[in-house]
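Using numbering that gives the first Met the number 0, the letters of the sequence shown correspond one by one to residues 0 to 286.
Here a beta-carbon is modelled for each residue, glycine too, at the ideal position from N, C-alpha and C.
Scroll down for the structure; my scribbles are underneath it.
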Amino acid sequence: MDWGLKNRISRIINPTDGKAVMLAVDHGYFLGPTEKLESPTKTIRPLLKYCDSLMVTRGILRTSVDARFPIPVVLRVSGGSSIIGSDLSNEKITTSVKDAIRLNVSALAMSIFVGAKHEHDSLVSLGNLVNEAQEFGIPVLAVTAVGKELEKRDARYLSLACRIASEFGAHMVKTYYCENFEKVVESCPVPVIIAGGPKLAEREALELTFNAIKFGASGVDMGRNIWQSDHPVPMIRAVRSIVHGQANVNQAYDLFKKLVKEGPKKPKTVAEKVTISKPKKKVKRTK
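Here it is as structure tokens:
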């Protein structure tokens, strides 16, 4: 593996423990202003320091993410359909590798739709993207999308989709957690990162995270289960405690409740930050 490619992957998947906490905020490319992502800057800013990387579109990256914050970016480069359209699988590459390089991203992400009407187009697009990205040492994350057909999320289908993605050259795969998830991981020769999916209760989302890591996932790429929570910062910290801290579900949920109870830390005022020391009075010594 080329040095640049290896270096970029290590920004996303921590080389110390082989795990990753990716924050997904790319939903608007087909969902528009979904709940609690209406103002991306407001949603993203408090969460940045708790994630390892950010999955985002170029539009939101340029308008809503502080370029001075050192966060590795996984750039979504596919799209072309919306939630109100007739077929979510009708995607093409919409962002060039050249623009991705201009944005200094660490990886590219695109969806593939195995078994769907536009399967062929999405898989050929994946192969072409890998070819071009490989020239510049940029890894590709393939997302095994199912569109509106949620019943496809079983081990047999996901094993097929993940393996095909890796065969086409994807360096990482994002997929769904399912029963017998270990079979999905075993049949895929590249790191598997799980999607958070639709919003769950906090404890259920933590159980999802724990089980995925337990059965071989290299990390999570969560969005709605973090920023649609009433307490997004405690939630991402609880998820992180499982992925990187080896916490179990009870420990992570206890941490979540503890952080919620403590509430957000108030920023220190100038008076609190600076301690003004008064000059000491000189004491005359007598012989």
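For residue i, does the count of other Cβ atoms within 10 angstroms reach 16, so buried, or fall short, so exposed?
i           : result
residue 18  : buried
residue 204 : buried
residue 9   : exposed
residue 185 : exposed
residue 2   : exposed
residue 278 : Note that residue 278 has pLDDT 49, beneath the 50 cutoff, so the model's placement of it is unreliable and no number is given.
residue 68  : exposed
residue 40  : exposed
residue 51  : buried
residue 217 : buried
residue 11  : buried
residue 190 : buried
residue 228 : buried
residue 201 : buried
residue 100 : exposed
So who's on the other strand from residue i, going by DSSP bridges?
i           : result
residue 96  : The partner list for residue 96 (beta bridge, DSSP) is empty, contrary to what the question assumes.
residue 75  : 108
residue 193 : 174 and 219
Do you know how far the Cα of residue j is from the Cα of residue i?
i           : j           : result
residue 49  : residue 79  : 31 angstroms
residue 177 : residue 158 : 10 angstroms
residue 249 : residue 194 : 21 angstroms
residue 43  : residue 183 : 31 angstroms
residue 113 : residue 230 : 35 angstroms
residue 109 : residue 224 : 21 angstroms
residue 220 : residue 261 : 26 angstroms
residue 180 : residue 46  : 28 angstroms
residue 240 : residue 54  : 20 angstroms
residue 339 : residue 91  : Nothing can be reported for residue 339: it is not among the residues displayed for the chain, which extend from 0 to 286.
residue 167 : residue 247 : 35 angstroms
residue 252 : residue 237 : 7 angstroms
residue 129 : residue 207 : 30 angstroms
residue 95  : residue 137 : 12 angstroms
- Query: Is the stretch 20–36 touching the stretch 74–88, taking contact as three or more C-beta pairs under 8 angstroms?
  - Reply: yes
- Task: Could you tell me whether the stretch 111–125 touches the stretch 159–167, where touching means 3 or more Cβ pairs closer than 8 angstroms?
- Result: yes
- Uninterrupted beta strand (DSSP E) stretches inside the stretch 201–238 (no shorter than 3 residues): 218–221
- Message: My parser needs the beta strand (DSSP E) runs of 3 or more residues fully inside the stretch 121–182; what are they?
- Response: 139–143 and 171–174
- Between the stretch 95–105 and the stretch 60–74, are three or more C-beta pairs nearer than 8 angstroms? yes
- Task: Kindly provide the ranges of any beta strand (DSSP E) runs that are 3 or more residues long and lie completely inside the stretch 30–70, ordered along the chain.
- Result: 52–55
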